[in-house]
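Here our numbering is used: the first residue of the sequence shown is 274, the next is one more, and so on.
For each residue, glycine too, the CB sits at the ideal point set by N, CA and C.
Keep in mind the model is a prediction, meaning the values are calculated, not measured.
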Amino acid sequence: MELNWKEIELSDRELITSYYRQENSRNCEATFANNYLWAPHYDMQYAIVEGMLVFLVRKGEVSVSFPLGTGDLRQVTDRLQGYFAEQGWTFRMHLVSPVQFGRLEALYPGCFQVAYDRDLADYVYESEKLISLAGKKLHSKRNHINKFKEQYPDWRYESITDDNTGECLKMAQEWRVLNGCDEDEEKSAEFCVTLNALRLRGELGLKGGLLRADGRVMGFTLGEPGGDDVFIVHIEKAYADVQGAYPMINQQFAEHEAAAYLYINREEDTGAEGLRKAKLSYRPVMMVEKGIVTLR
Numbered sequence: 274m275e276l277n278w279k280e281i282e283l284s285d286r287e288l289i290t291s292y293y294r295q296e297n298s299r300n301c302e303a304t305f306a307n308n309y310l311w312a313p314h315y316d317m318q319y320a321i322v323e324g325m326l327v328f329l330v331r332k333g334e335v336s337v338s339f340p341l342g343t344g345d346l347r348q349v350t351d352r353l354q355g356y357f358a359e360q361g362w363t364f365r366m367h368l369v370s371p372v373q374f375g376r377l378e379a380l381y382p383g384c385f386q387v388a389y390d391r392d393l394a395d396y397v398y399e400s401e402k403l404i405s406l407a408g409k410k411l412h413s414k415r416n417h418i419n420k421f422k423e424q425y426p427d428w429r430y431e432s433i434t435d436d437n438t439g440e441c442l443k444m445a446q447e448w449r450v451l452n453g454c455d456e457d458e459e460k461s462a463e464f465c466v467t468l469n470a471l472r473l474r475g476e477l478g479l480k481g482g483l484l485r486a487d488g489r490v491m492g493f494t495l496g497e498p499g500g501d502d503v504f505i506v507h508i509e510k511a512y513a514d515v516q517g518a519y520p521m522i523n524q525q526f527a528e529h530e531a532a533a534y535l536y537i538n539r540e541e542d543t544g545a546e547g548l549r550k551a552k553l554s555y556r557p558v559m560m561v562e563k564g565i566v567t568l569r
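In structure tokens:
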């Protein structure tokens with residue numbers, strides 16, 4: 274039961290995006306840019322199976338994504354299970370949402386089980402609140418921003434363009450050294466993704482913004498629209514020792530690039546304690562759950 278798996282190329286952007294438009298998901302992985310940038314790290318390929326888009330990940334425990342499109346979900350799932358059986362693999366689906374699992378359960382009552390991973394759940398915020406930072410619960414964020422503005426009265430926000438991309442690349446290299454990326458596989462992969470996202474910003478349809486103070490880049494962010502009402506922030510880098518740099522680029526990017534969207538998805542915390550605390554401190558309005566589906 275051969276399936277035609279292909280490497281993800283820049284020329285596949287419109288094809289893959291067309292399937293995500295049908296799904297209208299708030300999942301941070303549900304974009305072409307995310308798949309293209311992380312594909313080498315996860316050994317990821319894709320195929321169109323009976324009119325539905327499916328990704329195959331070979332790193333670690335082999336798994337497929339939930340099929341997207343208007344095809345026959347049962348027919349595609351049966352084909353995928355047959356393919357896994359032929360390869361001698363245990364059947365798995367990754368990053369499956371509760372709604373998607375509900376569709377599987379309706380077709381295969383009691384046949385599958387799902388295990389949601391808190392470390393992979395996306396944090397989704399109301400964009401207006403990330404911009405205004407109004408209210409007592411976000412008071413500390415406003416304080417950090419005010420201190421940054423006091424320390425750097427010449428600060429300014431800039432959209433990332435071809436003219437200032439080089440400065441962001443230089444700052445990313447410094448961030449790499451400061452954060453020990455070479456000693457950590459995941460951090461190293463994230464650094465590679467960051468560089469490629471900056472270099473291919475136009476081809477991938479990413480919006481970028483940087484924070485400049487004292488004449489140098491103190492932080493930058495890259496993201497893109499997701500579903501109809503959500504903007505996804507894929508990358509955010511700032512100097513941790515510059516007080517207020519992170520909340521400042523967060524707020525400014527939301528104001529300048531994502532104000533037209535009701536929600537902003539700031540991705541998952543990967544189980545990192547400090548990152549989880551930081552993301553929770555911004556008071557998410559919802560979490561996007563994602564789980565692993567296996568046979569019972």
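Evaluate residue i with the Cβ neighbour count: other Cβ atoms within 10 Å of its Cβ, from every protein chain shown; 16 or more gives buried, anything less gives exposed.
| i | result |
| --- | --- |
| ASP542 | buried |
| LEU553 | exposed |
| PRO426 | exposed |
| GLY488 | exposed |
| PRO340 | buried |
| GLN571 | Residue 571 is absent from the model: the chain starts at 274 and stops at 569. |
| ASN419 | exposed |
| GLY361 | exposed |
| SER284 | exposed |
| GLY496 | buried |
At which residues does the beta strand (DSSP E) containing residue i begin and terminate?
| i | result |
| --- | --- |
| ARG338 | It should be pointed out that residue 338 corresponds to Ser in this sequence rather than to Arg. Here the beta strand (DSSP E) through SER338 covers 336-338. |
| ALA388 | 385-389 |
| VAL558 | Per DSSP, VAL558 belongs to no beta strand (DSSP E) and is neither H nor E. |
| LYS480 | 480-486 |
| ASP537 | The sequence shown places Ile at residue 537, not Asp. That run of the beta strand (DSSP E) goes 536-538. |
By Cβ distance below 7 Å, which residues in the same chain neighbour residue i in space, the five residues on each side in sequence not counted?
| i | result |
| --- | --- |
| LYS422 | TRP428 |
| TYR430 | GLY482, LEU484, GLN525, HIS529 |
| ILE433 | CYS441, ARG474, GLY481, GLY482, LEU483, PHE493 |
| GLU456 | none |
Can you name the start and end residues of the alpha helix (DSSP H) that residue i belongs to?
| i | result |
| --- | --- |
| SER370 | Element bounds for SER370: n/a, residue is neither H nor E. |
| PRO520 | 518-530 |
| ARG429 | From DSSP, ARG429 is part of no alpha helix (DSSP H) but of the beta strand (DSSP E) over 429-432. |
| GLU459 | 458-472 |
Using 9 Å as the threshold, is the C-beta distance between residue i and residue j below it?
| i | j | result |
| --- | --- | --- |
| LEU368 | LEU393 | yes |
| LEU329 | TRP278 | yes |
| HIS314 | ALA518 | no |
| THR363 | VAL335 | yes |
| THR467 | LYS414 | no |
| MET366 | VAL397 | no |
| CYS301 | ASP390 | no |
Using a Cβ-Cβ cutoff of less than 6 Å, which residues in the same chain neighbour residue i once the five nearest sequence positions on both sides are dropped?
| i | result |
| --- | --- |
| ARG449 | PHE464 |
| ALA531 | SER400, PHE504, ILE537 |
Next item on the list: May I ask you to verify whether the stretch 493-511 touches the stretch 287-305, counting CB pairs closer than 8 Å and requiring at least 3?
Entry: yes
Item checked: At least 3 beta-carbon pairs within less than 8 Å: the stretch 524-544 vs the stretch 437-448 -> no
Note to self: Whether or not the stretch 471-483 and the stretch 299-316 are in contact is what I'm after, with contact meaning three or more pairs of Cβ atoms, one per stretch, closer than 8 Å; do they touch?
What the structure shows: yes
Notebook entry, point to check: How do the stretch 339-353 and the stretch 372-384 stand: do at least 3 beta-carbon pairs fall below 8 Å, yes or no?
Noted result: yes
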